[in-house]
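The listed protein sequences derive, respectively, from chains A and B.
Those letters in the first sequence? Residues -18 to 94, per the working numbering, in order.
Those letters in the second sequence? Residues -7 to 102, per the working numbering, in order.
Ideal Cβ placement from N, Cα and C applies to all residues, glycine included.
This report concerns only the one structure given below.
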Amino acid sequence: NAGVTQTPKFRVLKTGQSMTLLCAQDMNHEYMYWYRQDPGMGLRLIHYSVGEGTTAKGEVPDGYNVSRLKKQNFLLGLESAAPSQTSVYFCASSTGTGKNIQYFGAGTRLSVL
Amino acid sequence: GQQVMQIPQYQHVQEGEDFTTYCNSSTTLSNIQWYKQRPGGHPVFLIQLVKSGEVKKQKRLTFQFGEAKKNSSLHITATQTTDVGTYFCAYTGTASKLTFGTGTRLQVTL
């Protein structure tokens, strides 16, 4: 049981480059989330989705776009990377009901030079 | 959304000592969740508290939710090196979104 899988695990970008982070979950969860984690700041929500075809902004959405074309996948895009986007990115999924436990992927370490 | 503050930011203990981290909110929370993140790892769910004054135990870990549902604590008895990591509290808001505290990093040495 893979759970939540993120690709890639590491990436180095130059300022202005674009990239897409992929998150896939095999738990049939309705809700999916993208967070960034910076030292001393905990996890901050970038965007989230409450179901296939839907997305919504979180706490820090600027500079990012997302898509949820299939229930199991949630993509995070950076159109023009900036050094301020250097961070560790985590994807998570949940049922959205009951205890709503969030299951996290292993993370993507992104450096923007 | 509401802010949750966690204290301390960092604690270093000797193995066998106890450890407590506190999570405080200025407003009433519907629930509180606790997650643990090992160094280099990802957050892993530990527990959820929902009721006022609720206390739950998991082996050496004791979780409490305050009577006013504005604060919570995680207490570890007799720490072990396997307890090393960052402990986050989080609460569920609208659309089942989690808002995380800033975390407490625990270091345990022999």
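Practice task
Quick one: residues in its chain with C-beta nearer than 6 Å to the C-beta of A/Asn54, no 5 flanking neighbours on either side, listed in chain order?
Solution key: Ala5
Handout entry: Proximity test, Cβ basis, 8 Å: A/Ser(-1) and chain B
Key = no
Exercise for the section: Using a Cβ cut-off of 9 Å, pull out every chain A residue sitting near B/Phe80, in sequence order please. Expected result: Gly23 and Leu24
Practice task
Please determine if the stretch 68 to 82 of chain A and the stretch 13 to 26 of chain A are in contact, where contact requires at least 3 C-beta pairs separated by less than 8 Å.
Solution key: yes
Exercise for the section: Just tell me which of B/Lys43, B/Thr94, B/Met(-3) and B/Val76 has its CA closest to the CA of B/Gly8. Expected result: B/Val76
Exercise for the section: Report the residue from B/Ser22, B/Arg52 and B/Gly95 whose alpha carbon sits nearest the alpha carbon of B/Cys15. Expected result: B/Gly95
Exercise for the section: Confirm, please, whether the CB-CB distance from B/Gln72 to B/Ser65 is below 8 Å. Expected result: no
Exercise for the section: Look at the alpha carbon of B/Thr51 and the alpha carbon of B/Leu38, and state the distance between them as a whole number of angstroms. Expected result: Note that residue 51 of chain B is Lys in the sequence shown, not Thr. So the alpha carbons of these two residues sit roughly 12 Å apart.
Problem - Under 8 Å (Cβ pairs) to chain A, residues found in the stretch 47 to 61 of chain B - result: none
Handout entry: Beta bridge counterpart(s) of B/Ala82 as assigned by DSSP
Key = B/Gln25 and B/Phe92
Exercise for the section: Closer than 7 Å by C-beta to A/Gly(-3): which residues in its own chain qualify, once you throw out the five before and the five after it? Chain order, please. Expected result: Ser61 and Ala62
Exercise for the section: Please decide whether A/Asn9 counts as near chain B, where near means a Cβ-Cβ distance under 8 Å. Expected result: no
Exercise for the section: Tell me where the beta strand (DSSP E) around A/Ser61 begins and ends. Expected result: Segment: none, A/Ser61 is in no beta strand (DSSP E) and carries neither H nor E.
Practice task
Going by CA-CA distance only, name the one from A/Gly86, A/Gln66 and A/Met0 that's closest to A/Ala(-17).
Solution key: A/Gly86
Problem - Test: B/His34 CB closer than 8 Å to a CB of chain A - result: yes
Exercise for the section: Return yes when the Cβ of A/Glu33 is within less than 8 Å of the Cβ of A/Lys51, no when it is not. Expected result: yes
Practice task
Going by CA-CA distance only, name the one from B/Ser44, B/Thr78, B/Lys62 and B/Ile24 that's closest to A/Pro98.
Solution key: Since the displayed chain A opens at -18 and closes at 94, residue 98 of chain A lies outside it and no answer follows.
Handout entry: Beta carbon proximity, B/Gly94 to chain A, threshold 8 Å
Key = The question names Gly, but residue 94 of chain B is Thr in the sequence shown. So, interface residue.
Handout entry: Cβ distance (whole Å) where B/Ser22 is taken to contact B/Tyr83 below 8 Å
Key = 7 Å
Handout entry: Where A/Thr78 falls: helix, strand or coil (DSSP)
Key = coil
Exercise for the section: For the beta strand (DSSP E) containing B/Lys48, list its first residue and its last residue. Expected result: Val47 to Gln50
Problem - Helix, strand or coil at A/Gln66 [DSSP, three-state] - result: helix
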